Amino acid sequence: MSEDDTKDNKQGHEDGETRRDFLYLTAAAFGAVGAASFAWPLIDQMNPAADTLALSSTEVDLAPIEEGQSITVMWRGKPVFVRHRTAKEIEEAKAVDLTVLRDKQADSDRVQEGKEKWLVMVGICTHLGCVPAGQKDTDVKGDYDGWFCPCHGSHYDSSGRIRKGPAPTNLEIPEYTFLSDTLIKIG
Amino acid sequence: MGSGNRKKLDNPALEWLDSRLPIVSMIQKEYGVFPTPKNFNYFWNFGAIAMVMLVTMIITGIVLAMNYATTASDAFDSVERIMRDVNHGWLLRYLHSNGASFFFIAVYIHMFRGMYYGSYKQPRELLWMMGVLIFLLMMATAFMGYVLPWGQMSFWGATVITNLFSAIPLVGDSIVTLLWGGFSVDNPTLNRFFALHYLFPFLIVAVVFLHVWALHVTGSNNPSGIEAKGKQDTLPFHPYYTMKDAFGIVVFLVIYATFVFFLPNALGHADNYIPANPLVTPAHIVPEWYFLPFYAILRAITFDIGIPFTDIVLIPAKLGGVLAMFGSIALLFVLPFLDKHPVRSSRYRPWYKWFFIAFTVNAFILGVCGGKPAEGIWVPLAQASTLYYFAFFMVIIPFLNKKEPVLELPGSISESVLNKKGAKA
Amino acid sequence: MVFLFVAPQAHAAGGNTAELPDVHFSFEGPFGTYDRGALQRGFQVYKNVCSACHAMKYLSYRNLADMGYSEGQIKAIAADYEVTDGPNEEGEMFERTARPSDKFKAPYANDAQARYANNGALPVDLSLIAKARGEGPHYLYGLLTGYEAPPEGVTLAIGQHWNKYMEGNKIAMAAPLSDDVVAYEDGTPTTKEQYAKDVSHFLMWAAEPKMEVRKRTGIKVVLFLLAFAGIMYAVKKKIWADLKKK
Numbered sequence: 003m004s005e006d007d008t009k010d011n012k013q014g015h016e017d018g019e020t021r022r023d024f025l026y027l028t029a030a031a032f033g034a035v036g037a038a039s040f041a042w043p044l045i046d047q048m049n050p051a052a053d054t055l056a057l058s059s060t061e062v063d064l065a066p067i068e069e070g071q072s073i074t075v076m077w078r079g080k081p082v083f084v085r086h087r088t089a090k091e092i093e094e095a096k097a098v099d100l101t102v103l104r105d106k107q108a109d110s111d112r113v114q115e116g117k118e119k120w121l122v123m124v125g126i127c128t129h130l131g132c133v134p135a136g137q138k139d140t141d142v143k144g145d146y147d148g149w150f151c152p153c154h155g156s157h158y159d160s161s162g163r164i165r166k167g168p169a170p171t172n173l174e175i176p177e178y179t180f181l182s183d184t185l186i187k188i189g
Numbered sequence: 558m559g560s561g562n563r564k565k566l567d568n569p570a571l572e573w574l575d576s577r578l579p580i581v582s583m584i585q586k587e588y589g590v591f592p593t594p595k596n597f598n599y600f601w602n603f604g605a606i607a608m609v610m611l612v613t614m615i616i617t618g619i620v621l622a623m624n625y626a627t628t629a630s631d632a633f634d635s636v637e638r639i640m641r642d643v644n645h646g647w648l649l650r651y652l653h654s655n656g657a658s659f660f661f662i663a664v665y666i667h668m669f670r671g672m673y674y675g676s677y678k679q680p681r682e683l684l685w686m687m688g689v690l691i692f693l694l695m696m697a698t699a700f701m702g703y704v705l706p707w708g709q710m711s712f713w714g715a716t717v718i719t720n721l722f723s724a725i726p727l728v729g730d731s732i733v734t735l736l737w738g739g740f741s742v743d744n745p746t747l748n749r750f751f752a753l754h755y756l757f758p759f760l761i762v763a764v765v766f767l768h769v770w771a772l773h774v775t776g777s778n779n780p781s782g783i784e785a786k787g788k789q790d791t792l793p794f795h796p797y798y799t800m801k802d803a804f805g806i807v808v809f810l811v812i813y814a815t816f817v818f819f820l821p822n823a824l825g826h827a828d829n830y831i832p833a834n835p836l837v838t839p840a841h842i843v844p845e846w847y848f849l850p851f852y853a854i855l856r857a858i859t860f861d862i863g864i865p866f867t868d869i870v871l872i873p874a875k876l877g878g879v880l881a882m883f884g885s886i887a888l889l890f891v892l893p894f895l896d897k898h899p900v901r902s903s904r905y906r907p908w909y910k911w912f913f914i915a916f917t918v919n920a921f922i923l924g925v926c927g928g929k930p931a932e933g934i935w936v937p938l939a940q941a942s943t944l945y946y947f948a949f950f951m952v953i954i955p956f957l958n959k960k961e962p963v964l965e966l967p968g969s970i971s972e973s974v975l976n977k978k979g980a981k982a
Numbered sequence: 107m108v109f110l111f112v113a114p115q116a117h118a119a120g121g122n123t124a125e126l127p128d129v130h131f132s133f134e135g136p137f138g139t140y141d142r143g144a145l146q147r148g149f150q151v152y153k154n155v156c157s158a159c160h161a162m163k164y165l166s167y168r169n170l171a172d173m174g175y176s177e178g179q180i181k182a183i184a185a186d187y188e189v190t191d192g193p194n195e196e197g198e199m200f201e202r203t204a205r206p207s208d209k210f211k212a213p214y215a216n217d218a219q220a221r222y223a224n225n226g227a228l229p230v231d232l233s234l235i236a237k238a239r240g241e242g243p244h245y246l247y248g249l250l251t252g253y254e255a256p257p258e259g260v261t262l263a264i265g266q267h268w269n270k271y272m273e274g275n276k277i278a279m280a281a282p283l284s285d286d287v288v289a290y291e292d293g294t295p296t297t298k299e300q301y302a303k304d305v306s307h308f309l310m311w312a313a314e315p316k317m318e319v320r321k322r323t324g325i326k327v328v329l330f331l332l333a334f335a336g337i338m339y340a341v342k343k344k345i346w347a348d349l350k351k352k
């Protein structure tokens with residue numbers, strides 16, 4: 003701070019003026035630093051609090067989910083879709099030609115190796131944040147046997163990839179790990 | 558406020574703005590070149606300091622409100638969550654809770670300064686009265702704010718203070734039920750207190766605006782109490798007083814920060830870290846320190862007031878206490894009309910000066926009495942101090958109006974400054 | 107200023123209680139910090155003795171990281187407890203192993219159960235006790251070491267005990283500490299006084315976990331403001347000096 007100030011000072015003023023300007027600039031700098039340091043806690047208090055962060059991972063037991071069924075779990079206040087996919091859905095997902103996709107991503111990049119039947123993703127449409135339908139058997143699943151967002155008509159396939167409608171990207175895959183064959187930890 | 562004869566500004570962007578809404582000229586006029594007496598001492602810093610504290614309270618209050626839960630079942634827990642889990646939450650809360658105390662410190666000094674130098678006198682009566690209104694709004698805001706953490710002192714303080722209104726004859730009980738929204742201090746009370754605690758500071762801002770407006774109509778008083786007679790007596794507000802105020806503000810902040818960071822609970826009560834319990838009253842209920850003098854006056858009326866030698870009671874003790882407390886503030890309000898002595902500053906009022914110093918000491922004694930249990934020596938001491946408080950306004954000041962000699966004053970502020978210099982040398 | 111300091115102390119003065127014993131804690135003073143060893147030992151005392159009756163509802167197992175425990179150690183501590191969660195899909199509440207994000211397990215399901223189990227006296231929550239009592243940890247230390255036989259002529263009701271530091275001297279809690287009730291691993295003497303000191307230390311931390319960061323920040327803020335005040339004084343003087351020259 004002081005170095006910059008002295009540089010600024012050297013241009014221009016001579017005689018006793020220099021010391022005074024230096025003083026004023028230092029005072030202004032202190033005021034600015036003080037104000038900024040006071041502003042930061044006021045802003046940062048809006049970030050997630052320690053108790054919120056402590057709840058940022060969730061474990062999900064997969065055992066009760068039968069083939070062709072989905073469950074929705076809450077994770078960081080958002081719905082996460084966990085789907086036990088049928089062989090037909092996996093086939094369809096794998097068979098898609100990547101060049102026709104808006105957000106080019108192979109099915110194998112969206113599931114974990116050897117666990118292709120488990121599709122885990124954040125159930126929030128990448129368009130404007132609605133929750134797509136398709137979790138229940140009775141839901142409209144869209145034109146691609148996956149999910150359909152009723153808000154603005156985005157169609158997702160059985161790998162959760164955007165196929166038609168306004169959404170820009172595929173449904174997001176959260177970070178998760180298999181703790182055992184039937185237990186995953188999201189986050 | 559008016560744009561009157563606006564000077565054209567050099568900066569085209571500012572000129573564009575100013576020709577449509579002359580706020581730049583207004584700031585220049587009111588805070589730039591505004592002629593201000595040149596002989597202020599450091600007591601004149603406390604208006605600006607109070608303003609800084611008001612802004613600090615509003616800002617920290619708004620961010621606390623983002624994390625606070627306004628229900629009786631969750632309020633205490635949410636405050637603890639702020640203290641433990643919210644980022645910098647402990648800092649924001651300690652800034653706010655200690656900020657209330659420091660706001661009152663600044664305002665009390667500001668008020669005592671006004672009384673010592675006669676700043677309330679003609680033509681500044683309305684200015685003073687708006688100041689007292691700000692003080693009243695602050696007291697209401699602080700009281701309701703203290704209820705929000707929903708600790709034992711919050712709850713019992715709210716119970717005791719709202720019960721004051723039950724002293725009003727006939728309608729008292731109905732008023733108290735109305736204030737509570739029920740039959741005791743409970744969730745509805747907490748909810749409305751929060752709503753009003755959030756609203757009142759903005760009313761304070763509005764009255765502060767009027768207060769400053771009125772100040773800029775009459776101009777400031779000064780330690781000599783002599784009106785400025787021309788340019789030789791004044792200085793432009795900027796840079797002379799902006800920088801002097803800034804210095805005073807930073808010094809004040811050092812003391813404030815010392816409390817926030819090293820003694821954050823020194824001005825509070827341990828009992829308020831116990832969640833509110835309607836079944837158990839704390840052994841000793843005390844309001845926050847800034848209410849103690851008024852609390853002492855409230856408790857000083859321990860006797861019924863009636864017609865001597867009969868059993869007829871005109872004012873029962875309970876009502877008497879409440880009237881005395883509100884009366885003590887009402888007297889501040891009408892002070893400009895009680896004090897008719899032509900001289901403003903205590904510098905040139907040898908009698909008033911000493912009565913006023915005694916008044917200040919008396920206020921401290923009342924504060925100490927208010928913090929002590931109402932027993933033993935503290936009761937008669939509080940009563941004697943209460944008597945002096947009222948006598949000061951109702952007997953001493955009218956007496957001085959008639960009897961205190963009017964000294965010959967220096968011809969001008971400049972002359973008064975020179976005299977002082979000369980006396981020192 | 108005198109006024110300010112007098113007021114808060116007014117209510118702290120107890121009735122007929124003895125003067126608190128002189129004990130020093132490392133967290134006192136503007137530079138004081140918590141002693142991690144004392145905190146861990148104090149937690150051990152709380153866990154093995156106090157937690158049988160007293161809850162600490164504002165603390166979570168994750169908070170133990172502050173006193174120097176690793177994530178693994180915290181998980182292991184939490185895993186000793188079963189907490190109630192739910193409801194599950196069948197609408198039933200169920201028990202599961204505690205996680206670091208869980209609050210400290212409370213000894214009783216509710217206040218009524220706590221009273222019933224303790225002769226009608228409610229063991230207070232200890233999360234804030236060090237701030238909720240005048241003199242804080244000094245009082246707690248005194249209380250824990252202040253049990254004595256009642257003076258002659260005083261009869262105690264069943265379930266009452268004599269404590270020279272308790273307000274009114276009669277306390278429903280039996281003396282909780284005695285020598286060698288908790289095994290320390292770091293060689294610290296296992297005396298009643300040491301336990302009392304460590305657990306008071308722990309309870310102060312529990313009540314004011316942000317004290318260290320508060321004081322650290324405070325030193326920076328106060329030094330900054332002092333420097334700023336110096337600069338503003340120079341600025342003010344300079345401006346007013348120029349005036350006098352004219």
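Protein chains in written order, with the working numbering: chain A, 3 to 189; chain B, 558 to 982; chain C, 107 to 352.
Here a beta-carbon is modelled for each residue, glycine too, at the ideal position from N, C-alpha and C.
Since this is a predicted model, take the numbers as computed values, not measurements.
Residue-chain proximity (residue 335 of chain C, chain B), Cβ-Cβ < 7 Å: At least one CB atom of chain B sits nearer than 7 Å to the CB of residue 335 of chain C.
On the criterion of 16 or more Cβ atoms from any shown chain inside 10 Å, does residue 177 of chain A qualify as buried, or is it exposed? exposed
Is residue 173 of chain A buried or exposed, if buried means 16 or more other CB atoms sit within 10 Å of its CB? It counts as buried.
Using CA atoms only, rank isn't needed, just tell me which of B:662, B:855, B:623, B:968 is closest to residue 646 of chain B. Among B:662, B:855, B:623, B:968, the Cα nearest to that of residue 646 of chain B is on B:623.
Proximity test, Cβ basis, 7 Å: residue 46 of chain A and chain B: yes
Could you check whether the stretch 817-831 of chain B touches the stretch 707-726 of chain B, counting it as contact only if at least three pairs of C-beta atoms, one from each stretch, sit closer than 8 Å? yes
Close-in-space but distant-in-sequence residues of the same chain around residue 609 of chain B (CB under 7 Å, 5 per side omitted): 806
Name the chain A residues that come within less than 8 Å of residue 77 of chain C, Cβ to Cβ? No answer is possible for residue 77 of chain C: the residues shown for chain C start at 107 and end at 352.
Return the chain-ordered list of same chain residues with a C-beta closer than 7 Å to the C-beta of residue 285 of chain C, the five sequence neighbours on each side being excluded. 296, 297, 298
Taking the alpha carbon of residue 850 of chain B as the reference point, which residue from B:921, B:947, B:868 has its own alpha carbon closest? B:921
Determine which residues share a DSSP beta bridge with residue 121 of chain A and list them. Bridge partners of residue 121 of chain A: A:85.
At the 7 Å Cβ level, is residue 172 of chain A part of the contact set with chain B, yes or no? no
Quick one: measure Cβ to Cβ for residue 150 of chain C and residue 287 of chain C, integer angstroms, because I've assumed they're closer than 8 Å. Rounded, the Cβ-Cβ distance is 11 Å, inconsistent with contact.
Can you pull the chain A residues whose beta carbon is under 7 Å from the beta carbon of residue 340 of chain C, in chain order? 25
What residues in the stretch 307-325 of chain C bring their beta carbon closer than 7 Å to a beta carbon of chain E? Of the protein chains in the structure, A, B and C, none is chain E.
Which residues in chain A sit within 7 Å of residue 754 of chain B, going by Cβ to Cβ distance? Correct list: empty, because the minimum Cβ distance to chain A is about 19 Å.
Taking Cβ-Cβ distances shorter than 9 Å, what residues in chain A pair up with residue 620 of chain B? Neighbours of residue 620 of chain B across chain A, judged by C-beta separation under 9 Å: 43, 44, 45, 47, 48.
Where does residue 228 of chain C fall in DSSP's three states? coil
Quick check: what's the CA-CA separation for residue 145 of chain A versus residue 159 of chain A? 8 Å
Close beta carbons around residue 771 of chain B, own chain, < 6 Å, minus the five adjacent residues each side: 683, 684
Please confirm if residue 10 of chain A has its CB atom under 7 Å from at least one CB of chain C. Bear in mind that a pLDDT of 45 at residue 10 of chain A, under 50, signals an unreliable position, so the number given afterwards is only what the model happens to contain. Chain C contact via Cβ: absent.
So with CB distances below 7 Å, who are the chain A contacts of residue 257 of chain C? Within 7 Å Cβ-Cβ: nothing; residue 257 of chain C doesn't reach chain A, min ~48 Å.
Let me confirm a value: residue 796 of chain B is counted as buried when at least 16 other C-beta atoms fall within 10 Å, else exposed. Which label applies? buried
The alpha helix (DSSP H) that contains residue 177 of chain C, what's its start and end? 177-185
Can you confirm whether residue 807 of chain B, when its beta carbon is compared against all beta carbons of chain C, has any partner nearer than 7 Å? Output row for residue 807 of chain B: interface = yes.
Report the residue from A:57, A:110, A:53, A:65 whose alpha carbon sits nearest the alpha carbon of residue 639 of chain B. Answer by Cα proximity: A:53.
Let me confirm a value: residue 219 of chain C is counted as buried when at least 16 other C-beta atoms fall within 10 Å, else exposed. Which label applies? Within a 10 Å sphere around the beta-carbon of residue 219 of chain C sit fewer than 16 other beta-carbons, which makes this residue exposed.
May I ask you to report which of helix, strand or coil DSSP gives residue 159 of chain A? In the displayed model, residue 159 of chain A falls within coil according to three-state DSSP, outside both helix and strand.
Please report whether the beta-carbon of residue 40 of chain A lies at a distance below 7 Å from any beta-carbon of chain C. no
Give the DSSP-derived three-state secondary structure of residue 13 of chain A in the structure shown. Its pLDDT being 47, under 50, residue 13 of chain A is placed unreliably in this model, and the value from its coordinates should be taken loosely. If DSSP states are grouped into helix, strand and coil, residue 13 of chain A belongs with coil.
Hey, out of A:128, A:184, A:132, whose CA is closest to residue 169 of chain A's CA? A:128
Test item: CB-CB of residue 164 of chain A and residue 105 of chain A under 7 Å: yes
For residue 327 of chain C and chain B, any beta-carbon pair shorter than 7 Å? yes
Could you tell me the alpha carbon to alpha carbon distance between residue 312 of chain C and residue 146 of chain C, rounded to whole angstroms? 12 Å
So what does residue 73 of chain A bridge to, in DSSP terms? A:84
C-beta atoms of residue 189 of chain C and residue 204 of chain C nearer than 7 Å: yes
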